[in-house]
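My numbering numbers the first residue of the sequence shown as 1 and each following residue consecutively. The beta carbon of each residue, even a glycine, is placed where N, CA and C say it ideally should be. Everything below concerns the one structure shown next.
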Amino acid sequence: MNVAVVGANGQIGKQVVGFLKDDGHTPRAIVRKEEQVQSFEQEGVEAALVDLEGTVEQISNGLKGADAVVFSAGSGGSTGSDKTLLIDLDGAVKTMEAAKEAGIERFIIVSALQAHHRENWNDSLKPYYVAKHFADRALEESGLTYTIIRPGGLLNEEGTGKVSAAENLERGSIPREDVARTIVASLTEPSAYNKGFDLISGSTGIEEAVKNV
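Structural data, given as structure tokens:
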């Protein structure tokens, strides 16, 4: 599949691009800086410059020709709540609209553990959870063939290849590498279509966990 990875320069996005290549897919890095485009192109990865604060049409132009979209973009921890709304919420929703405009049906989004239950939100990250919650709801109602992956606390450790994936899980953490591998495993797994699930480290192999969500 040709897969547009929105937020490809992020810590999860970069790994998704690599694993897509390893699995025989063709990734396209959707990034926001010209130097990031050049960096991916030097590695032999097609890249497109897209501003998520731009128009739906501009985003759609960056996605055209893709068979699927992975949305792993985020405003980051150093920005204010305004950017969280503009990127994590409105940027995500505009990307969904752009995917439909470009004739793309498959859409995977990276959310946050328990984003679907307000009572379980982290008080110190409420604007972030609001953005994730409503972006996820918009995706569920979009008509796209979606998968919502809600990882726990993200770690910069080597992945174990073992996870726990279910609609509701207790708080936990997971290496970013295992999140990226789960995204790629979910891409063509029908069991993951039109589903959302929490994801933390566990004892089940990633492909098996995705088949059983």
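Whether residue i touches residue j by CB criterion (8 Å)
| i | j | result |
| --- | --- | --- |
| VAL214 | PHE71 | Here the chain has residues from 1 to 213 only, and residue 214 is not among them. |
| GLU170 | LEU144 | no |
| GLU53 | ALA47 | no |
| LEU20 | VAL184 | yes |
| GLU140 | GLY159 | no |
| ALA131 | LEU89 | yes |
| SER164 | THR204 | yes |
Through-space distance from residue j to residue i, alpha-carbon basis
| i | j | result |
| --- | --- | --- |
| MET182 | GLY152 | Residue 182 is actually Thr in this sequence, not Met. Using only the alpha carbons, I get a separation of about 13 Å. |
| VAL50 | ILE59 | 6 Å |
| ARG28 | ILE174 | 25 Å |
| SER75 | GLU167 | 25 Å |
| GLY202 | TYR146 | 24 Å |
| GLU215 | GLU157 | Any answer about residue 215 is impossible in this case: the structure gives the chain only from 1 up to 213. |
First and last residue of the uninterrupted alpha helix (DSSP H) at residue i
| i | result |
| --- | --- |
| ALA47 | That residue, ALA47, is in no alpha helix (DSSP H); its beta strand (DSSP E) goes 46-49. |
| ARG181 | 176-187 |
| LYS132 | 126-140 |
| LYS100 | 92-101 |
Helix, strand or coil at residue i according to DSSP, with G and I counted as helix
| i | result |
| --- | --- |
| VAL16 | helix |
Host beta strand (DSSP E) of residue i (start-end)
| i | result |
| --- | --- |
| LYS64 | No beta strand (DSSP E) contains LYS64, which DSSP labels as neither H nor E. |
| ALA165 | 162-166 |
| LYS211 | No beta strand (DSSP E) contains LYS211, which is instead part of the alpha helix (DSSP H) from 206-211. |
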